[in-house]
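Q: Input: one structure, supplied below.
In the numbering used here, the protein residues as written are 80 to 391.
Below is the structure:
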């Protein structure tokens, strides 16, 4: 049986330690399970294991850069841990650590904590670290919000990276409120032909990748560049765009497999306008899972988009 791992991310003094302490003190979460508490960042707040309901939590302070899968598995065995709670270092990339988790560990939940007074500044100066944490979390908690403050900048920050993340605001008066703002997509998913604007390709690509079933059986029209798929069969290409999530270093080409009888005649990286029907099926690009696959009705030459690299 996989070992569930509860991950808490965020920058220093964002409130991670306090929340974890309170969670471990709550008998609804801590009913006696042997818990390995991994601390990869030490702030001013300290853990008080004596306040916990039982002697079932075992804390280890580790270096997030140096720890190995072998080290983590050894700790799990030493304490006979049934689960893991991990407080991560905000200045490190989450994915780097996940790659060193033992194969028997599975992420059960990932929550990000952010100080509402500083997170926008972090985003301006270290956006790659902010995006790294927002993109994988299930919920982000913006705490220390002034009562009555405008939370829309925080909402936009979270939604620009992760459209599915739950957003919770905690104000300085002790009140908690879930974000209930509904973000309409900038294109009509129910139109006879979904028209994706040049500037909206990134949002559409992310949406169809996350919820392909929503687009099954529909027709879409968008501008893209021609790319070839690795080990692609004849009559297939991948129309797509270069997308930048946070900074120049993370620009990547985001395209979808598309059937088109004349695919071999399309010059690589040329601009085209594609109108295609959408199906959800298996393709090597999706490693055995179902995903969106296009069948082109028309592929026409087009001028380059005004902004060649799409951003959010």
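A virtual CB, placed ideally from N, CA and C, is assigned to each residue, including glycine.
For clarity, every value in this text was computed on a predicted model and none was experimentally measured.
Over the uninterrupted beta strand (DSSP E) stretch that includes residue 361, give me the two end residues.
A: 350-361
Q: May I ask you to list the residues that DSSP assigns as paired with residue 380?
A: 351
Q: Do you know how far the Cα of residue 241 is from the Cα of residue 392?
A: The first residue shown for the chain is 80 and the last is 391, placing residue 392 beyond what the model contains.
Q: So for residue 292, helix, strand or coil by DSSP?
A: helix
Q: Quick check on this structure: which residue in 174, 355, 160 and 104 has the alpha carbon closest to the alpha carbon of residue 396?
A: The question about residue 396 has no answer, for the chain in this structure spans 80 to 391.
Q: Would you call the stretch 90-109 and the stretch 139-158 in contact, with 3 or more CB pairs under 8 angstroms?
A: no
Q: I'd like to know whether the C-beta atoms of residue 237 and residue 210 end up nearer to each other than 8 angstroms.
A: no
Q: Quick check for students: name the residue ranges of the beta strand (DSSP E) that lie wholly in the stretch 135-168, counting only runs of 3 or more.
A: 136-140 and 162-166
Q: Can you name the start and end residues of the beta strand (DSSP E) that residue 187 belongs to?
A: 184-194
Q: First and last residue of the beta strand (DSSP E) that includes residue 247?
A: 245-250
Q: Among 106, 148, 166 and 270, which has the Cα closest to the Cα of residue 134?
A: 106
Q: In chain order, what residues of the same chain lie with their CB nearer than 7 angstroms to the CB of residue 113, ignoring the 5 residues before and after it?
A: 135, 158, 159, 160 and 161
Q: Which whole-angstrom value describes the C-beta separation of residue 224 and residue 87, a residue pair presumed to lie in contact below a C-beta threshold of 8 angstroms?
A: 19 angstroms between Cβ atoms; not a contact.
Q: Identify which residue in 388, 165, 129 and 198 has its Cα closest to the Cα of residue 184.
A: 165
Q: Distance, Cα to Cα, residue 304 vs residue 389?
A: 12 angstroms
Q: Sort 181, 186, 177 and 222 by Cα distance to residue 198 and report the nearest one.
A: With distances taken between Cα atoms, residue 198 lies closest to 222.
Q: Using C-beta distances below 6 angstroms, list every residue in its chain close to residue 378, excluding the 5 sequence neighbours before and after it, in chain order.
A: 339, 351 and 353
Q: As a quick exercise: from 384, 168, 297 and 177, pick the residue whose alpha carbon is nearest that of residue 349.
A: 384
Q: Helix, strand or coil: which one does DSSP assign to residue 178?
A: coil
Q: Of the residues 233, 100 and 151, which one's Cα is nearest the Cα of residue 84?
A: 151
Q: Just list the residues that DSSP pairs residue 371 with in beta bridges.
A: 359
Q: Is residue 181 buried or exposed, if buried means 16 or more other CB atoms sit within 10 Å of its CB?
A: buried
Q: Can you tell me whether DSSP reads residue 200 as helix, strand or coil?
A: helix
Q: Could you check the C-alpha separation between residue 147 and residue 174 for me, to the nearest Å?
A: 14 angstroms
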